[in-house]
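Peer 1: Residue numbers (full-length UniProt numbering): 1 to 223.
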């Protein structure tokens, strides 16, 4: 029996959360190591574990993978969440990249100065409702299928579900004008692996708080 994937990051969402989501959606259990000091990060670099001296780090199948896109595409391919052919993979890639652009706004939000938070929430709401969510609403409506690509559960669906919930934490009514996405969210929430991940006590991390921000600033020397 192969060992569980091992994830090394900070104890919080950040760039590791999409990886947790994808593994959980695939029904894969994993172990986590949480860094607490900059010295721990530097030691990983000195030991040769971080190719570009950056996290996240995922140890899987005898490899030490870094760079989020590489990690996510490997997991998607390994667990059959990356389409059936190159055309489907291209669609998944486009959807994932679009969602990632939206998620970047969410990722950076906790590090906004207090006076900018209201403006940044407005930007997230605007981008979600005018640029990104309309795309997925249209896709789901046009093909009338349960999932974004090939009527088959994929990495793109997982990424979209993560984004919907993350935006709703900031803008609870964000899906009010998107009935297809509302139905999509309900359907995805009831998939056994995702339902399990959404339960209390799962590896899913809570929204970033001041502690998380302080830890990130300290470890990555961002102050």
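Where a beta carbon is used, it is the ideal one built from N, C-alpha and C, also for glycine.
Would you mind reading off the limits of the alpha helix (DSSP H) that contains residue 106?
Peer 2: Under the DSSP assignment, residue 106 falls in the alpha helix (DSSP H) whose first and last residues are 86-108.
Peer 1: Which two residues bound the contiguous alpha helix (DSSP H) that contains residue 212?
Peer 2: 210-219
Peer 1: Quick one: give me the first and last residue of the alpha helix (DSSP H) that residue 115 is part of.
Peer 2: First-last for residue 115: undefined, no H or E at that position.
Peer 1: Please report how far the alpha carbon of residue 207 lies from the alpha carbon of residue 12, in whole angstroms.
Peer 2: 8 Å
Peer 1: From the DSSP output, in three-state form, read off residue 1 for me.
Peer 2: A caution first: residue 1 carries a pLDDT of 45, below 50, which makes its placement in the model too unreliable to give a value.
Peer 1: Taking DSSP's pairing of strands, which residues face residue 264 in a bridge?
Peer 2: Residue 264 cannot be examined here, being either before or after the span of the chain that is shown, 1 to 223.
Peer 1: Using the Cα positions of residue 31 and residue 57, report the straight-line distance between them to the nearest angstrom.
Peer 2: 12 Å
Peer 1: Do you know whose CA, among 74, 121, 153 and 102, lies nearest residue 248's CA?
Peer 2: It is not possible to answer for residue 248, since the shown part of the chain is limited to 1 through 223.
Peer 1: Under three-state DSSP, which class holds residue 195?
Peer 2: helix
Peer 1: Which term fits residue 5, buried or exposed, when burial requires 16 or more other beta carbons within 10 angstroms of its beta carbon?
Peer 2: buried
Peer 1: Near residue 219, which residues of its chain fall below 8 Å by C-beta distance, leaving aside the five closest residues on each side in sequence?
Peer 2: 10, 35, 36, 37, 38, 40 and 41
Peer 1: In angstroms with no decimal places, state the Cα-to-Cα distance between residue 26 and residue 214.
Peer 2: In this structure, the CA atom of residue 26 is about 32 Å from the CA atom of residue 214.
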